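A short write-up of the structure that comes next.
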Amino acid sequence: MTTKEQIVENWLPRYTGTPVEEFGSYILLTNFGNYVTMFAEKFGVEVRGQGRAMQTATAKDITIINFGMGSPMAATVMDLLSAINPKAVLFLGKCGGLKKTQVGDLILPIAAIRGEGTSDDYMPPEIPALPSFRLQSTVSAAIKKHKLDYWTGTVYTTNRRIWEHDASFKEYLQAVRAMAIDMETATIFIVGFANSIPHGALLLVSDNPLVPEGVKTEESDKKVTSSYVKQHLDIGIEALTELARSGESVKHMRFEN
1 MTTKEQIVEN WLPRYTGTPV EEFGSYILLT NFGNYVTMFA EKFGVEVRGQ
51 GRAMQTATAK DITIINFGMG SPMAATVMDL LSAINPKAVL FLGKCGGLKK
101 TQVGDLILPI AAIRGEGTSD DYMPPEIPAL PSFRLQSTVS AAIKKHKLDY
151 WTGTVYTTNR RIWEHDASFK EYLQAVRAMA IDMETATIFI VGFANSIPHG
201 ALLLVSDNPL VPEGVKTEES DKKVTSSYVK QHLDIGIEAL TELARSGESV
251 KHMRFEN
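Residue 188 in the UniProt record's numbering sits at position 188 of the sequence shown, with consecutive numbering throughout.
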């Protein structure tokens, strides 16, 4: 294999256990296996890729992928998806709220701050990490159909998993006025842009890590899962279903090298 195209066409099935031709045109990304299980149960389909790095399920031209956690895996899955040139990729992630957000709130990011470093291998650091407007607009409409509200703003993406003890880093997060913090969004936006893949994100606030009592625990994460995850997933499915129904392109800009 000498080209990127040859590599990703071979590696996408190797990572997922799903043949290239069986992927949907619209992709939901998640870090959590239970999202894939819930999707599969909703539509009565099989979970593929058990024992592989990533698991998938496909129904109604939508494929959901659990790609794992962190910026490097986010970059990997966005590179692999270039094998199928999806019409849209929506990341359903969890995040830490940094301002007035409460657990269970939704954040529709308008941009991401590239604090993870991985995206620097794809684009110069001055290139902003932005979602595809058409996709975010459709997600907004889906949220409103559920009679819910959401926050907008920037999300800070970091490679650090354990930082809640670091007072200076928390001060920095407040200084950059980020709405939330996660480990994947900026990478998905930049690598999506590099691969000409329309991309967006809908984030679920799972903790409020700037205060000691807000740091995520096993007990609090179970509460988030039982109370909010189904709604999070349903909104993502509805947004991509609406895009597929409309037949409209999500590419709101020309992708140029």
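Every residue gets a Cβ at the ideal spot worked out from N, C-alpha and C, and that includes glycine. Every value quoted in this text rests on a predicted model; they were computed, and no experiment measured them.
Check	Outcome
Integer-rounded CB distance, given that Thr138 should sit under 8 Å from Glu242	6 Å
Coil, strand or helix - Tyr150 by DSSP	coil
Through-space distance from Phe133 to Glu126, alpha-carbon basis	20 Å
Validate contact between the stretch 187-205 and the stretch 45-65 using beta carbons, cut 8 Å, 3 pairs	no
Nearest neighbour of Trp11, chosen from Arg52, Asp234 and Tyr172 [CA to CA]	Arg52
Three-way DSSP call (helix, strand, coil) for Asn34 in this model	helix
Element boundaries [alpha helix (DSSP H), containing Ala75]	Ser71 to Leu80
Whole-angstrom distance between Thr3 and Gly104, CA atom to CA atom	43 Å
Endpoints, alpha helix (DSSP H) assigned at His232	Glu218 to Ser246
Whole beta strand (DSSP E) elements within the stretch 159-221, 3-residue minimum	180-182 and 199-207
Beta-carbon spacing of Ile237, Leu29 below 8 Å	no
Cβ shell of Val215 (< 7 Å), same chain only, five flanking positions each side left out	Glu164, Asp207 and Pro209
Nearest-angstrom Cα separation, counted from Ile64 out to Phe255	With a pLDDT of 46 at Phe255, under the threshold of 50, the predicted position of this residue should be treated as unreliable, and no value is reported.
Sub-8 Å separation of Met179 and Gly70 beta-carbons	no
C-beta atoms of Gly97 and Val205 nearer than 8 Å	yes
Straight-line Cα distance separating Ser168 from Met78	32 Å
Val191 versus Tyr122: straight-line alpha-carbon distance, rounded	7 Å
Continuous beta strand (DSSP E) stretch holding Lys94: start and end	Ala88 to Gly97
Status (buried if at least 16 other CB within 10 Å, exposed otherwise) for Val211	exposed
Three-way DSSP call (helix, strand, coil) for Ile84 in this model	coil
Cα-Cα separation between Met253 and Pro131, rounded to whole angstroms	Legend: pLDDT at Met253 = 47, less than 50; position of this residue unreliable, no value from coordinates given.
DSSP state of Pro128 mapped onto helix, strand, coil	coil
Rounded Cβ spacing between Tyr150 and Leu108 (contact assumed at less than 8 Å)	5 Å
Close-in-space but distant-in-sequence residues of the same chain around Asn85 (CB under 8 Å, 5 per side omitted)	Ser196 and Ile197
Contact check, Val229 vs Asn66, beta carbons under 8 Å	no
Cutoff 6 Å; reference Phe23; Cβ partners in own chain excluding five residues on either side	Thr63 and Ile84
Distance between beta carbons of Ser25 and Lys87, contact taken as under 8 Å	5 Å
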